[in-house]
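Presented below is the structure to which this report refers.
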Amino acid sequence: MISFLLRRVLGGFAVLYVTVTLVFFSVFVLGNPVDVLMSNTTDPAEREAAIIRLGLDRPVLEQYFHFLWNAAHGDLGNSFVYGKPAMSVIFERLPATLELAIIAIIASILIGIPLGLTAGLKHRSAFNKIVMTGSIFGFSLPYFWVGLMLISVFAVQLHWLPSGGRGPTTSFLGLNWSITSLEGLTYVLLPAVTLALYKISLIIRISETSARNVNRQDYIRTAHARGVPPARIVAVHILKNAILPVITVLGIEFGTIIAYSVSVETVFSYPGMGKLLIDSVINTDRPVIIAYVCMTSFIFVTTNFLVDLLYAILDPRIRHSVSGA
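Residue numbers for the sequence shown follow this note's numbering, beginning at 791 and rising by one.
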């Protein structure tokens, strides 16, 4: 087990290193941030002083190794726009995006798994056809269109929910959260539902396929033949085995929500990490872009590590292979 954990940790560090390195060099394609931060009428001497102050006068490789040394000590540089540590800017926006991700994942679990498992156990039934057809619609609708429709109906027409922004926040664990109050939750609801629609559809299809495949196994037929109550077969034999692929996907999808919340946060003017990334790309704020990639990569690596660990705990075959490694 220790060697298994060690391999996963080392693999995670390798992924972080490669990803951050690629992003560091790719941000130079965006151009010189001084061109964005200063007008064309700025005094050339002042412009040159800004380039030196930001360290942009040094060769790219020197900047890269300087960045690696600082990153190893927890310093990813100061934002060119906000004038404070890039990671500090990220942590200010992180709770807003985490709130969307958590609500979307919870909705996927509470809605997607029961519908998918039931549809898989009732294969070829009318219920199965309705649920699976609905999941296709959930896949087909783009985020931005769903978001605009929700704003049109619930904010513009019905005036039930705000059309964008973020509500009042309260501090918890050093971060500001808005889901801790009812008013704050109203601001999170529409963007979270927009993100959750695709995830629910995905979990429905995976749960349905997994439950259908498990239900065809010989040990399920044997349990029926021995007179085991159907409810016990579902709870003990089918659910435990059908849920394993769903756990893997949920871990990956949590990371994708963090990474791909850009369009939803833009539609709702929601001040999360996704909107911060768009603003940083427009302003060529290199430290914040790199810090964003570091954070999303870390979340991906961490969730995948936890999924592998949970998989090993739930699946005896993997647990035995890990113990023997």
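Glycine included, each C-beta is placed from N, C-alpha and C at the ideal position.
Presumed contact (8 Å Cβ cut-off) between residue i and residue j, rounded CB distance
| i | j | result |
| --- | --- | --- |
| residue 941 | residue 953 | 5 Å |
| residue 1078 | residue 1066 | 7 Å |
| residue 898 | residue 986 | 6 Å |
| residue 745 | residue 1100 | Limits of the chain in this structure are 791 at one end and 1115 at the other, which puts residue 745 out of reach. |
| residue 911 | residue 1024 | 7 Å |
| residue 896 | residue 993 | Not a contact, Cβ separation roughly 11 Å. |
| residue 909 | residue 998 | 5 Å |
| residue 840 | residue 824 | 5 Å |
| residue 1021 | residue 1001 | Incorrect: roughly 15 Å between the Cβ atoms, too far for contact. |
| residue 1041 | residue 991 | Contact doesn't hold; Cβ gap of about 18 Å is too wide. |
| residue 1084 | residue 866 | 7 Å |
Closest by C-alpha distance to residue i, when choosing among the options
| i | options | result |
| --- | --- | --- |
| residue 890 | 1064, 945, 1009 and 850 | 1064 |
| residue 732 | 894, 922 and 810 | The first residue shown for the chain is 791 and the last is 1115, placing residue 732 beyond what the model contains. |
| residue 886 | 1051, 1020 and 1100 | 1051 |
| residue 1088 | 856, 899, 806 and 1002 | 806 |
| residue 1090 | 797, 795, 796 and 809 | 809 |
| residue 925 | 943, 934, 936 and 906 | 906 |
| residue 1081 | 917, 814 and 800 | 814 |
| residue 978 | 901, 911 and 1060 | 1060 |
| residue 934 | 975, 964 and 983 | 983 |
| residue 1026 | 1041, 994, 1005 and 1040 | 1005 |
| residue 1086 | 851, 927, 884 and 1034 | 884 |
| residue 975 | 892, 1041 and 914 | 892 |
| residue 864 | 912, 852, 939 and 878 | 878 |
| residue 1094 | 1018, 1035 and 1022 | 1035 |
| residue 888 | 841, 1056 and 1049 | 1049 |
| residue 936 | 874, 1053, 796 and 1062 | 1053 |
| residue 882 | 932, 948, 795 and 967 | 967 |
Identity of the residues DSSP links to residue i by a beta bridge
| i | result |
| --- | --- |
| residue 961 | 966 |
| residue 849 | Looking at the DSSP assignment, residue 849 forms no beta bridge with any residue, so it has no partner. |
| residue 875 | 868 |
Buried or exposed by the 16-neighbour rule on C-beta atoms within 10 Å, applied to residue i
| i | result |
| --- | --- |
| residue 989 | buried |
| residue 857 | buried |
| residue 861 | buried |
| residue 811 | exposed |
| residue 745 | Nothing about residue 745 can be read from this structure; the chain reaches only from 791 to 1115. |
| residue 922 | buried |
| residue 793 | exposed |
| residue 972 | exposed |
| residue 964 | exposed |
| residue 817 | buried |
| residue 803 | exposed |
| residue 943 | exposed |
| residue 1058 | buried |
| residue 1134 | In this structure the chain extends from 791 to 1115, so residue 1134 is not present and cannot be described. |
| residue 955 | exposed |
| residue 995 | buried |
| residue 1055 | buried |
| residue 946 | exposed |
| residue 1098 | buried |
| residue 842 | exposed |
| residue 880 | buried |
| residue 1102 | buried |
| residue 799 | exposed |
Cβ of residue i within 9 Å of any chain B Cβ
| i | result |
| --- | --- |
| residue 949 | Of the protein chains in this structure there is only one, and it is not chain B. |
Does the structure place the region 1068-1083 close enough to the region 868-887 that three or more beta carbon pairs sit under 8 Å? Yes: the two stretches touch, three or more of their Cβ pairs being nearer than 8 Å.
Taking contact to mean 3 or more Cβ pairs, one atom from each stretch, closer than 8 Å, check whether the region 997-1014 and the region 943-962 are in contact. In short, these stretches do not touch, since the Cβ pair count stays below three.
Count the C-beta pairs between the region 831-850 and the region 1040-1059 that are closer than 8 Å, then say yes if the count reaches three, no if not. Pairwise C-beta distances place the region 831-850 out of contact with the region 1040-1059, as fewer than three of them are shorter than 8 Å.
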